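Before any comments, here is the structure.
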Amino acid sequence: MAALLNVFSHLYTSTMSFFNLLLLKTLFLIRSLAPGSKVTNPDNLFRIICAQYLSLVEKANPAIHYSEKPTRKQSRECAVCLSEFMKGERVRRLRCNHTFHKECLDRWLQQYLATCPLCRARVLPDEIVVNYHQLQDNIRNGGSYDDTVFLLSALYDCSLKKTCLR
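Position in the sequence shown (first residue = 1) + 7 = this note's numbering.
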């Protein structure tokens, strides 16, 4: 009797999961067919992905305001744009202790691998970077909406795990 109850419990759970997935797919289909849908617009998807990626960078390496009292090891100029730091500018100091303008480093991290421009130390885990670049490629190449949702959820899921930022 217990085995039969266990089978029905698994059957109920499987059925509910199937119908929930079917309902979600139907909702995504309806939203994707709506004219001017904000979710499926490639520009909006790209902005969402970039914002999420940069929030992960911010969590791992918060931006700070530059003060004109650098330590002996700290450079006074950004190695990306080769401009001197000005007092009060937003900069990022990476774990490797290299410092860059926030905008310069963010642009670098979006265009290249998520590594320090000077020593190539990793800024973010490889799986986050791979998901981010796959999403970018998928949007640029007109990939399916399902693939984009899947990859975006993978990036979001990874951002929730504490182990991803270690």
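The beta carbon of each residue, even a glycine, is placed where N, CA and C say it ideally should be. Bear in mind the structure is a predicted one, so any value in this text is a computation, not a measurement.
- According to DSSP, R99 shares a beta bridge with A70 and F107.
- Cβ-Cβ separation between A86 and F107: approximately 7 Å, consistent with a contact (criterion under 8 Å).
- Collapsing the DSSP output to three states places R147 in a helix.
- In the structure shown, R83 falls within a coil segment according to DSSP collapsed to helix, strand and coil.
- Closest in C-alpha terms to A67, from the list N145, M8 and T122, comes T122.
- Distance from V130 to L116 at the Cβ level is roughly 6 Å; contact confirmed, criterion being Cβ atoms closer than 8 Å.
- Counting only residues of its own chain and dropping the five nearest sequence neighbours on each side, I71 has a CB closer than 7 Å to the CB of V98 and R100.
- For V14 and M8, the gap between their C-alpha atoms comes out near 10 Å.
- Per DSSP, the beta-bridge partners of T122 are R129.
- By the neighbour-count definition (other C-beta atoms within 10 Å, threshold 16), L63 is a buried residue.
- At a Cβ-Cβ threshold of 7 Å, E91 and Y73 do not count as neighbours.
- Using a Cβ distance threshold of 7 Å, D133 and L61 do not count as a contacting pair.
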